[in-house]
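Read in order, the letters of the sequence shown correspond to residues 9 to 202 in the working numbering.
Below is one structure, written out as structure tokens, with a few remarks after it.
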Amino acid sequence: GDHGVVDEHVSAYPQSVTPQMVLNFLSGGAGVNVLARHAGCDMVVVDMGVAHGIEHEGCVNRKIAPGTKNFSQGPAMTRGEAERSVVAGIELALERDFDLLGTGDMGIGNTTPSSAIAAVMTGCDVEDITGRGTGIDDETYAHKVSAIKRGISVNHPDPLDALDVLSKVGGFEIGGIAGLIIGAAIKRRLAVVD
Numbered sequence: 009g010d011h012g013v014v015d016e017h018v019s020a021y022p023q024s025v026t027p028q029m030v031l032n033f034l035s036g037g038a039g040v041n042v043l044a045r046h047a048g049c050d051m052v053v054v055d056m057g058v059a060h061g062i063e064h065e066g067c068v069n070r071k072i073a074p075g076t077k078n079f080s081q082g083p084a085m086t087r088g089e090a091e092r093s094v095v096a097g098i099e100l101a102l103e104r105d106f107d108l109l110g111t112g113d114m115g116i117g118n119t120t121p122s123s124a125i126a127a128v129m130t131g132c133d134v135e136d137i138t139g140r141g142t143g144i145d146d147e148t149y150a151h152k153v154s155a156i157k158r159g160i161s162v163n164h165p166d167p168l169d170a171l172d173v174l175s176k177v178g179g180f181e182i183g184g185i186a187g188l189i190i191g192a193a194i195k196r197r198l199a200v201v202d
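Here it is as structure tokens:
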């Protein structure tokens, strides 16, 4: 999934890298492909919200929208979109036969909503819970921390309401992964989180 918050200069890479990496996954050329082949696992690539269109027969299209909105200026998505992303993940898990489900995500800027969610849910200071993602420099890191703080301040996500947090500072792929884990639990299967 892609994230509108990348407009705040929170990443070392442009959003155009997301579809390039997704196509690399689909062609079998990424590190995760090597790991999956080595373990004898199937790999399913799902577009939950890549900003650019992915035209490849191997990609499962569950796109909620072409990326979330910039959560430093308002909610990342509507509550309905958040619900749809979780339901899409549940459906994906229920449609497939597996013993063990491993999750992962790709999207430029994706550690920014992850850090925002973690800060809200744990009550930790943004600086203490936010990493450098792809190895960003000090200036970009400052933008990232500032964007997360603004997003939390502007949106007031309720830590007692996971869908509220997801809709206000999350990402479509995060909702999809949550749904996958719920689906695995419904099927009484193990899920491993990347």
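Ideal Cβ placement from N, Cα and C applies to all residues, glycine included.
On a predicted model such as this, the values are computed, not experimentally measured, just so you know.
If you draw a straight line from the C-alpha of residue i to the C-alpha of residue j, how long is it?
| i | j | result |
| --- | --- | --- |
| C49 | G66 | 16 Å |
| S161 | R45 | 44 Å |
| V42 | G36 | 8 Å |
| I144 | H17 | 10 Å |
| P165 | T119 | 18 Å |
| G159 | G187 | 24 Å |
| P83 | V25 | 24 Å |
| I189 | P121 | 19 Å |
| F280 | E91 | Since the first and last residues shown for the chain are 9 and 202, residue 280 lies out of range. |
| M85 | G57 | 11 Å |
| I156 | V134 | 7 Å |
| T148 | S175 | 24 Å |
| V128 | V153 | 13 Å |
| G141 | L168 | 27 Å |
| R87 | S123 | 20 Å |
| I182 | N69 | 16 Å |
| Q81 | H151 | 14 Å |
By the three-class DSSP mapping on this structure, what secondary structure does residue i have?
| i | result |
| --- | --- |
| D113 | coil |
| V18 | coil |
| A199 | strand |
| D50 | coil |
| L108 | strand |
| V58 | coil |
| N69 | strand |
| T119 | helix |
| D10 | coil |
| N41 | helix |
| S24 | coil |
| N78 | coil |
| E99 | helix |
| T130 | helix |
| G88 | helix |
| E135 | helix |
| G36 | coil |
Going by the beta-carbon positions, is the gap between residue i and residue j smaller than 7 Å?
| i | j | result |
| --- | --- | --- |
| G184 | L102 | no |
| I125 | V94 | no |
| I62 | V30 | yes |
| D55 | K77 | no |
| V53 | G117 | no |
| Q23 | D15 | no |
| L100 | H64 | no |
| A59 | P74 | yes |
Could you tell me whether the region 183-201 touches the region 104-118, where touching means 3 or more Cβ pairs closer than 8 Å?
-> yes
Alpha helix (DSSP H) runs wholly inside the region 141-186, at least 4 long, in chain order | 146-163, 170-177
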